[in-house]
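In full-length UniProt numbering, the protein residues as written are 1 to 395.
This is how it looks when you write it as structure tokens:
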């Protein structure tokens, strides 16, 4: 019996090694020549949409030499394509050109607190990571300084940024290094720049799962600071560097997720509009309420600016889904975001190469499919951005 168990352990290890190597080869092929991800350039139409100005205005600013963007790439037809860095430079130069454009630089101002948004769900497969990374990327494109924190030991968000956690961070380099109880390092040391302008990452890896077991030991031995303060203290170290933090929580309500909820200023709960998923969410809410009440007894109750439900993987032509979405809106009214995140082949196809809708070009897909998907996520982000500005007291 023991011999059989050993052989099975070896078989599983062999399978894991083969799969990891194969995925690494696939990623290297996808991101040649430097084997790291790089963000594509954006067309003039996309730039105008991102900045919230007309193409005519953008053209006028360019030809009047009011935009010093350096070398701009053009195609055979003379169409211009801009990097995310050039878009950000244009944003600031346009804002300086007239007071009526100052709003296009949305960074937080004096007196406005950092926004820390946790994306959470009790159940895997509810679009949590997909939502988190699209939200972080779009906010970065919109001109905010964004930090993405991956708290899921499965490290799906980290992988989407072009890393292989088991290869890049086998023993160090993740958020666990700053959260752990024994010899934690400064949080700033685990934050890294990414290929996406204005967007940094605190990566995850399998070692992060150790935080759950170590916390049980820490609670028995009254190790300070307690688990529910550790992430908040980490974020405080880098607070001045960012406007918004987006946290991808693990798909269970453990110590790691609770530390995120306490650190957060707001919460977005993703939910697929199906009976099983809604039932799972009900359990999530019940357990969250109970655990948060326990933490509140020691003075750690978060004061969120907002909590919203986001309907994900939504198929508008699916009758049962439409009925369940209507049920959720009836139950929670304004606490459900108006715009759902649609289920789309554009999102799933892009994910095959660890890319998002903002990293692929419209020409790579059927245009109507891409347009529906990008309109969906842009609508979601616009709603969240509106809630952020309301929390800051802006009109």
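Here a beta-carbon is modelled for each residue, glycine too, at the ideal position from N, C-alpha and C.
Discussion item. Given a cut-off of 7 Å on the beta-carbon distance, is the pair residue 188 and residue 237 in contact?
Written reply: yes
Item to complete: Identify whether residue 118 lies in helix, strand or coil by the three-state DSSP scheme.
Response: strand
Discussion item. Buried or exposed, going by whether 16 or more other CB atoms sit within 10 Å of the CB of residue 298?
Written reply: exposed
Discussion item. Whole angstroms are fine: how far does the CA of residue 310 sit from the CA of residue 355?
Written reply: Looking at the two C-alpha atoms, the distance is approximately 21 Å.
Fill in: Identity of the residue in 328, 115 and 252 nearest residue 391 by Cα
115
Discussion item. Using the Cβ count rule (16 or more neighbours within 10 Å means buried), how would you classify residue 143?
Written reply: buried
Worksheet item: In chain order, which alpha helix (DSSP H) runs of at least 4 residues are fully inside the segment 27-112?
Response: 44-51, 55-63 and 84-97
Worksheet item: With residue 157 and residue 248 assumed to form a contact (beta carbons below 8 Å), what rounded beta-carbon distance in angstroms separates them?
Response: Beta-carbon to beta-carbon, residue 157 and residue 248 are separated by about 5 Å, close enough to satisfy the 8 Å threshold.
Practice prompt. Mind reading off the beta-carbon distance from residue 133 to residue 160? Whole number of angstroms is fine, and I expect it under 8 Å.
Written response: 5 Å
Worksheet item: DSSP state of residue 193, grouped into three classes?
Response: Three-state DSSP puts residue 193 in a strand.
Practice prompt. For residue 361, count neighbouring C-beta atoms within 10 Å of its own C-beta (all shown protein chains included) and say buried if the count is 16 or more, exposed if not.
Written response: exposed
Discussion item. Within the continuous beta strand (DSSP E) that includes residue 248, where are the two ends?
Written reply: Residue 248 -> beta strand (DSSP E) spans 244-248.
Worksheet item: Curious, which full-length beta strand (DSSP E) runs of at least 3 residues does the segment 172-233 contain?
Response: 191-193 and 199-202
Discussion item. Can you give me the C-alpha to C-alpha distance between residue 378 and residue 235, rounded to a whole angstrom?
Written reply: Rounded to whole angstroms, residue 378 and residue 235 show a C-alpha spacing of 27 Å.
Discussion item. Quick test of your reading: residue 105 and residue 92, contact by CB under 8 Å. State the CB separation rounded to the nearest angstrom.
Written reply: Contact flag correct, Cβ pair sits at about 6 Å.
Discussion item. Buried or exposed for residue 301, going by 16 or more other Cβ atoms inside 10 Å?
Written reply: Result: exposed.
Worksheet item: Whole-angstrom Cβ separation of residue 146 and residue 87, contact assumed at under 8 Å?
Response: Not quite, the Cβ-Cβ distance comes to about 15 Å (not below 8 Å), so this is no contact.
Discussion item. Buried or exposed for residue 84, going by 16 or more other Cβ atoms inside 10 Å?
Written reply: buried
Worksheet entry | Secondary structure of residue 282, DSSP reduced to three states | helix
Practice prompt. Tell me whether residue 32 is buried or exposed, calling it buried when 16 or more other Cβ atoms sit within 10 Å of its Cβ.
Written response: Because residue 32 carries a pLDDT of 47, less than 50, the predicted location of this residue cannot be relied on, and the following value inherits that uncertainty. The residue in question, residue 32, is exposed, as its Cβ has fewer than 16 Cβ neighbours within 10 Å.
Worksheet entry | DSSP-derived helix/strand/coil call for residue 311 | strand
Worksheet item: Per DSSP, residue 336 is paired with what?
Response: 309
Fill in: Sheet register partners of residue 301 (DSSP bridge)
Residue pairing for residue 301: DSSP places it in no beta bridge.
Item to complete: Give the secondary structure of residue 253 by DSSP, where H, G and I count as helix, E and B as strand, and everything else as coil.
Response: coil
Worksheet item: Skipping 5 residues on each side, what residues in its chain have a beta carbon closer than 6 Å to that of residue 42?
Response: Excluding sequence neighbours, residue 42 sits near 82.
Worksheet item: Helix or strand or just coil, what does DSSP make of residue 341?
Response: strand
Worksheet item: Does DSSP classify residue 352 as helix, strand or coil?
Response: coil
Worksheet item: Within this structure, are the beta carbons of residue 347 and residue 373 separated by less than 7 Å?
Response: yes
Worksheet entry | Proximal residues to residue 5 (C-beta, below 8 Å), its chain only, five neighbours per side dropped | Confidence is the limiting factor: at residue 5 the pLDDT is only 49, short of 50, which leaves the residue's position unreliable, though a coordinate-based value still follows. Cβ within range, chain order: n/a, list empty.
Worksheet item: Residues bridged to residue 270 by DSSP?
Response: 310
Fill in: contact_flag[the segment 266-285, the segment 322-330] where n(CB pairs < 8 Å) is 3 or more
yes
Worksheet entry | Length of the line joining the Cα atoms of residue 252 and residue 206 | 15 Å
Item to complete: Less than 8 Å between the CB atoms is what I'm expecting for residue 140 and residue 201, so what's the real figure, rounded?
Response: Not confirmed; about 11 Å, so no contact.
Discussion item. Out of 66, 364, 350 and 54, which one is the CA nearest neighbour of residue 96?
Written reply: 66
Discussion item. Suppose you measure from the CA of residue 210 to the CA of residue 137; what does that come to, to the nearest Å?
Written reply: 29 Å
Fill in: residue 147 in three-state terms, based on DSSP
strand
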